[in-house]
C-alpha cells in the first residue's frame, strides 16, 4: 500500500521536483540524502543460492541503478540504461539490427553517429541513408521503402532543424519502422520523444544532463519491456556501462538541470536576437527566432527552445580571428555545460562528413556553433561583439 501511494505521488510530481530529489530517497538503510557512490566491482552473497540483488557491477550497480530509474521516470519509459559515453549508447541501439537492415538517419547529425554507421556498422551489412527529417513527407516516403528504423536528431546538430516526431512515429508504427530519437539538445525537460510515440530515446549525458563538463556518459530510455530486455542484454554482454562515480556525477547534475537550462535559454534568446542584427553575420540558426521554418512545432512538441545557436558569418577569413579573439567563450567541443563554448563544426564535430555533403547541408567554413552557458548575458554579447571586430550591428550594438 505504501509503495502504491509513493508511486502515485511520483506520477503526479512536476519534473522539477523529481529532478531536485533524484536519488535522494534511494538509500533506506542510512537515509543518505545524497545517493552514495557504490565504488565496488563485486558484492558479497549472503549464502549459497542467495543474492542481495547485486552480484557484479557490470550487470547492476546501485548508483547506476538510481540514475537509470530516474531517467526512466523522467522520460516515461519502461527502463533506462546508462553507458560510458553517448556513442556507446548509440552503439548499443545499433546492435538491435542485423545484416541487410537499412536505417534512415537525419542528414545533419553529430559526426560521430555517421562515422559509426558508415565506417563501423556498414561492414556488418547494416545500411544507412541520410534524409532531411524535418521534411515529414520525405521521411514517410523513405519509411515506405523498407527501412527498419528512423534515427532522428531533433533539433539537429548544428543546423537545429526540427522533426515532427509525433507524425513520424505514428507513420512508423503503421509501417513497422522503429523511431529512435537523439534528445541530447532538449533533455526530458523540454521534449519527451517517448510521449510523442518514439520507441527509443538516446542521450549524450555528457551534455545538459550532467551539465558541468566533467563526465562522459550516455543514456538509453526505451518504451517497451521488449526493447528493455534486448538493450539490457547487450549492455551487460558488451559491458560499456557507466561507472559508479560517473553515474553519481550525472545524477547530481540532473538536480540543477531546470535552473541551468532556464538561464541558458534566456541567454540564448537574447544572444540569437542580437546576432541576427550584426553586419558580419549572414544567418542565425535558433529555433526560438519567430522566422524559423519549424517555429510552429514548438507549441505542440517542446517546452522551450534550447540553448544552442549556430550562425554563419559573411567571410570564412573571419573564423580564425573570432576564435582567437573570444575571451569568455571557450573554443572547445561539446555543449550543455555551465560555461559558454564556441565550436567550428566543419573541422571539429563534423569533420568526418565529406566536404561536398557538408557544403550542401550548410555546414560550411563560415559556420560557428555556440553552446550558451549561465554567465551574464551582457558579458557574452560584449565578447561576441569584440570578437566580430567591434563592428556596429545593423541596428547598432546594444
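In this note's numbering, the protein residues as written are 2 to 399. Yeah, the Cβ is synthetic: ideal placement off N, Cα and C, and Gly gets one too. Here the structure is a predicted model, which is why all the values come from computation and not from measurement.
Can you find a CB in chain C that lies within less than 9 Å of the CB of residue i?
i: residue 56; result: No chain C appears in this structure, which consists of one protein chain only.
With a CB to CB cut of under 6 Å and the five nearest residues on each side skipped, what residues in its chain are close to residue i?
i: residue 415; result: The shown model of the chain, from 2 to 399, leaves out residue 415, and the question about it has no answer.
i: residue 242; result: 59
i: residue 183; result: 154 and 203
i: residue 281; result: 314, 315, 389 and 392
i: residue 317; result: 366 and 367
i: residue 209; result: 188 and 337
i: residue 157; result: 107 and 109
i: residue 285; result: 273, 276, 277 and 312
i: residue 38; result: 64, 245, 246 and 249
i: residue 128; result: 103
i: residue 134; result: 107, 140, 153 and 164
i: residue 362; result: 109
Applying the criterion that 16 or more other CB atoms from any shown protein chain within 10 Å of the CB defines a buried residue, is residue i buried or exposed?
i: residue 222; result: buried
i: residue 52; result: exposed
i: residue 1; result: Residue 1 falls outside the range modelled here, since the chain spans only 2 to 399, and no answer is possible.
i: residue 174; result: exposed
i: residue 30; result: exposed
i: residue 397; result: For residue 397, the predicted structure reports a pLDDT of 39, less than 50, and the residue's modelled location is therefore unreliable. A value from the coordinates is still provided. Exposed, by the Cβ-count rule.
i: residue 6; result: Unreliable positioning characterises residue 6 in this predicted model, as indicated by a pLDDT of 39, which lies under 50. The coordinate reading is nonetheless provided below. So residue 6 ends up on the exposed side.
i: residue 162; result: buried
i: residue 78; result: buried
i: residue 199; result: buried
i: residue 256; result: buried
i: residue 121; result: exposed
i: residue 140; result: buried
i: residue 76; result: buried
i: residue 34; result: exposed
i: residue 321; result: exposed
i: residue 93; result: buried
i: residue 14; result: exposed
i: residue 356; result: exposed
i: residue 261; result: buried
i: residue 185; result: buried
i: residue 265; result: buried
Between the Cα of residue i and the Cα atoms of the options, which residue gives the shortest distance?
i: residue 67; options: 250, 175 and 370; result: 250
i: residue 177; options: 92, 134 and 102; result: 102
i: residue 270; options: 311, 244, 233 and 302; result: 311
i: residue 376; options: 340, 113 and 43; result: 340
i: residue 235; options: 160, 256, 211 and 91; result: 91
i: residue 89; options: 35, 43, 356 and 113; result: 113
i: residue 225; options: 356, 201 and 33; result: 201
i: residue 474; options: 44, 111 and 118; result: Outside the modelled stretch of the chain, which goes from 2 to 399, sits residue 474, for which no answer is possible.
i: residue 160; options: 26, 370 and 268; result: 370
i: residue 237; options: 215, 109, 65 and 320; result: 65
i: residue 373; options: 268, 248, 47 and 111; result: 268
i: residue 41; options: 261, 246 and 378; result: 246
i: residue 71; options: 93, 25, 34 and 49; result: 25
i: residue 23; options: 137, 49 and 252; result: 252
i: residue 164; options: 297, 13, 364 and 116; result: 297
i: residue 379; options: 190, 212, 330 and 360; result: 330
i: residue 332; options: 359, 384 and 28; result: 384
i: residue 319; options: 283, 254 and 382; result: 283
Only counting the same chain, and skipping five residues up and downstream in sequence, which positions put a Cβ closer than 8 Å to that of residue i?
i: residue 86; result: 205, 207, 217, 218, 219 and 241
i: residue 46; result: 52, 53 and 56
i: residue 334; result: 342, 344, 349 and 350
i: residue 387; result: 326 and 328
Closer than 7 Å by C-beta to residue i: which residues in its own chain qualify, once you throw out the five before and the five after it? Chain order, please.
i: residue 197; result: 166, 167, 170 and 302
i: residue 97; result: 231
i: residue 394; result: Low local confidence applies: a pLDDT of 45 at residue 394 is under 50, so the model's placement there is unreliable, and no value is given.
i: residue 125; result: 100
i: residue 17; result: 259
i: residue 215; result: 250
i: residue 172; result: 141 and 144
i: residue 195; result: 76, 77, 78, 202, 222 and 224
May I have a chain-ordered list of the beta strand (DSSP E) segments no shorter than 3 residues that lie completely inside the region 71-122? 80-84 and 103-107
Measuring CB atoms only, is the region 79-90 touching the region 212-230, in the sense that at least three cross pairs come out at less than 8 Å? By the Cβ test, the region 79-90 is in contact with the region 212-230, since at least three Cβ pairs between them sit closer than 8 Å.
Whether or not the region 279-292 and the region 306-322 are in contact is what I'm after, with contact meaning three or more pairs of Cβ atoms, one per stretch, closer than 8 Å; do they touch? yes
Are at least three pairs of beta-carbons, each pair with one atom in the region 330-347 and one in the region 231-240, less than 8 Å apart? no
Extract the residue ranges of the beta strand (DSSP E) inside the region 231-295, only unbroken runs of 3 or more that lie entirely within it. Counting only runs of 3 or more, we get 282-286.
Which full runs of the alpha helix (DSSP H) of 4+ residues lie inside the region 178-203, going along the chain? 188-191
At 4 residues or longer, and completely inside the region 118-160: list those alpha helix (DSSP H) runs for me, N to C. DSSP runs (the alpha helix (DSSP H)) wholly in the region 118-160: 137-144.
Please list the segments of the alpha helix (DSSP H) lying wholly inside the region 358-393, counting only runs of 4 or more residues, in order along the chain. 378-388
To test your reading of the DSSP string, which unbroken beta strand (DSSP E) runs of 3 or more residues are found completely within the region 13-57? none
Taking the runs of the beta strand (DSSP E) that are 3 residues or longer, which of them lie wholly in the region 317-351? The region 317-351 contains these whole beta strand (DSSP E) runs: 342-344.
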